[in-house]
Structure formats: C-alpha cells, structure tokens
Amino acid sequence: MPVSVHRSPVADIAPLTLYRILWMRVAVFVVEQEAAYPEIDGRDIEPGAELLWAADGDDVLATLRVLREPANTRIGRVATAPEARGRGIAAQLMRAAIEVLDAEAPGIPILLDAQAHLAPWYGRFGFVVSGAPFAEDGIPHVPMRRTHLATERLVLREWTRSDDDRAFLFDMYRRSQVRRYLANGQVMTDPAEVDVLLDRWQGMGAGILGVRAVETADGKRIGSVLLKRIPWSEAVATGRDEEIELGWHFHPDAWGHGYATEAASAVLSLAHRHGIDRVVAVTNPANTASGGVAGRIGMSAAGLTRDYYDAECELYVADGRA
C-alpha cells in the first residue's frame, strides 16, 4: 500500500490515529533520545496548529507539527519511526508543509529549532541558521529560518552560506559600480568579508524583516533586497521611534531589466500587508537610478535629509495608510 500524507488540526484527527502519532513522538523524542521533557506541551491545540503525518494503512510512519505564530510560522516535532527511516518520508512531509505555508503566507518566515546535526538536512529545503546554537534537554540545537516570496519573474529567499551564494556576493560587492553609492564606497577585496556581511545580515532577521537574496525563476542570482531597521543619525536619535528601511543592491549584469523595481515592490507590499505602514528608502543624492526605483514602486520623494546614517541622503517615503 503506498504511503499517504495527511494534514489536520488535532480536534479532527481520529482518536486512534492521534494516539499513534503522539506515541511515536514520545518514543522518538523522550525514549530514544533520552530527553525527559513534556512532549505533550499544549501547543498542538493552539489556534492554527496542525499535524501532518505519513501513514501506511493504520501505521504512522512520520509526523511533524505546524504552528502559526503572530510574526511567522513554525515547523517542529519532525519525527520518523525507526523502521521507516531512509525512505524520504520525512522529506515528503517537509515539502508538503512548506508548500502549504508558502501558499497561505508568502514571504512570512518559517522557523524551526533543528538538532544541530540535522541542520544540513533542513538546509535542503531552504532553511538557514539564524542565530546562536543552544542546548535543549542536553541536545545541541540551532535556530533556522526560511523565507520565500515569488513574483512574476523572481524568487526572493534567504541568503545561505553555500559556496555559490558567497561567490556571488563577493563578485557583486567587489565592483565599484555597486559600492560607489554605499557607505564609504569601499569595495570588497577579500572573500572572507562575505562571512562578516552574512553575520551582520543574520542579526537583521526578525519577522518579515531581513535581507533576501533575489534570483530569477531559473535560479540565477541577481541581487539583494533589504527590509530592516534604519539607524538614526547621532544628532537626532534621542526619542525617535523606530523606522523601517527598504533597500536594494543588484549586480551590474542585472541592471536595466526592472528586477530591482519588481523585487522592491514585492517587499514593500509585504511590509504594508503586515502592519508596517511607513517605510523609508534613502539614497545617495547622486544615485538617480535608485531614486527612479523608489519612484516606480510608489514611494514619494521627501527631499534631502541628514536624519539617517550621519550622512546627507535623498529620502523617499511610502505610507501604507495613504
């Protein structure tokens, strides 16, 4: 009999099936991994929580849990029965869960806490390590995060530590055409600088905030889009509320195709849909190309300002309440 995949809130699962799911979770996480903790933690019955499981007839072979939290969604309790391991069943469940969450909440992060030795396995599905390692019940874990936002021509996702992602970022930021309007204009000269950059970007991820890789539908990397907290200039920082900045950096090979406009528009719409009404963009006054992108996505020119980055910038504002 072929393996079947099911998805349901706890209240709608047949009692015997639910018993088998929970029994397997206890057998794996409490007994096999020798972790004495409350496996039945109350979160299975939260609003929006669902269980997915794979079954062969009455036998539950694998399961996972989906939680819907205010700023993100979460996958956890990924477990496979010992006799069913090595058959790709857990991967099948992961793909099913990701497909559901990407469809219902595009661009919203999916979080999980991975046992450290399984981080490469979760990486196959687009998850990246998003914070410091920690121990839970004596088992090393790492927080991981995945985002996915698609437009007509593009896919926006997390930057990874893969060789290909790192090589692209170094190639982009070593170019004077890209760096001339950014900060002090200094180009990258050492590939190790990419890791420092990725470490900084990792700290910016919170809810829908973060730095997203932009690639074409066929997987060609072309740039980055940033949605992050913007630093106030020192002279005006006291008492100011937090503001959110939208930015974009694209490889010269991708210029002139409307990619920056398409990607930035998608992220701006995401911000407005999720309660970030005011979004700003700041550019070097000489960077007319970026100013054009801001205008095309509906941001209003607000003149020169020294409120941010301790530098004179051209300010653009989008207010979702307008």
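Per my numbering, residue 1465 is the first one in the sequence shown, and the count goes up by one each step.
Note that CB positions come from ideal geometry on N, CA and C, so glycine has one too.
The model shown is predicted, which means the values in this text are computed figures rather than measured ones.
- About 16 Å separates the beta carbons of R1538 and L1582, which is beyond the 8 Å limit, so they are not a contact pair.
- In the same chain as I1740, and ignoring 5 residues on each side of it, the C-beta atoms closer than 6 Å to its own belong to I1708, in chain order.
- Taking C-alpha positions only, G1756 is separated from G1722 by approximately 11 Å.
- Following the DSSP letters along the chain, one finds I1562 inside the alpha helix (DSSP H) bounded by residues 1553 to 1568.
- By the neighbour-count criterion, in which a residue is buried when 16 or more other Cβ atoms sit within 10 angstroms of its Cβ, A1735 is buried.
- Counting the other CB atoms within 10 Å of its CB gives Y1772 a total of 16 or more, which places it among the buried residues.
- Apart from sequence neighbours up to five positions away, the residues of its chain that approach T1615 with a beta-carbon distance below 6 Å are E1726, A1730, ordered along the chain.
- In this structure, the CA atom of R1639 is about 8 Å from the CA atom of M1652.
- For the 7 Å CB-CB criterion, D1783 and R1737 do not form a contact.
- Cα atoms of F1632 and R1704: separation of roughly 36 Å, rounded to the nearest angstrom.
- When C-alpha distances from I1562 are compared across L1528, A1548, E1547, Q1579, the shortest belongs to L1528.
- Contact between V1678 and L1768 is absent: CB atoms are separated by about 28 Å, not below the 8 Å threshold.
- A1526 places its beta carbon less than 7 Å from that of I1553.
- E1706 and L1646 have their C-alpha atoms some 22 Å from each other.
- In this structure, A1518 sits away from V1593, with a CB-CB distance that is not shorter than 7 Å.
- Contact check between the region 1485 to 1495 and the region 1530 to 1544: three or more CB pairs, one atom from each, fall below 8 Å, which counts as touching.
- Membership of L1690 in the beta strand (DSSP E) is indicated by the continuous run 1685 to 1693.
- With respect to V1781, S1754 sits apart: the two C-beta atoms are not nearer than 7 Å.
- Assigned with DSSP and collapsed to three states, Q1579 falls in strand.
- Shown here, R1489 sits in a helix according to DSSP, grouped into three states.
- Taking a C-beta distance under 7 Å as the contact criterion, I1572 and R1610 do not qualify as a contact pair.
- Residue pairing by DSSP places L1613 opposite L1620 in a beta bridge.
- Per DSSP, the unbroken beta strand (DSSP E) holding R1742 starts and ends at 1742 to 1747.
- Apart from sequence neighbours up to five positions away, the residues of its chain that approach V1524 with a beta-carbon distance below 6 Å are R1484, I1485, M1488, W1517, ordered along the chain.
- For S1626, the closest alpha carbon among the candidates R1685, A1745, V1606, A1555 is that of R1685.
- Sequence-distant Cβ neighbours of A1578 in its own chain, meaning closer than 6 Å and more than five residues away, are Y1586, V1606, M1608.
- A1535 is positioned such that its CB atom lies closer than 7 Å to that of G1671.
- Between E1514 and P1473 the beta-carbon gap is near 5 Å, inside 8 Å, which marks them as a contact.
- Its chain contains L1531 as the residues whose beta carbon lies nearer than 7 Å to that of E1510, once the 5 sequence neighbours on both sides are disregarded; these appear in chain order.
- In the DSSP assignment, L1768 falls within the unbroken beta strand (DSSP E) covering 1764 to 1769.
- Between V1689 and L1779 the beta-carbon gap is near 19 Å, outside 8 Å, which marks them as no contact.
- Under a 10 Å Cβ-count criterion, D1629 is classified as buried, with 16 or more other Cβ atoms of the shown protein chains found around its own Cβ.
- In the displayed model, V1658 falls within a helix according to three-state DSSP.
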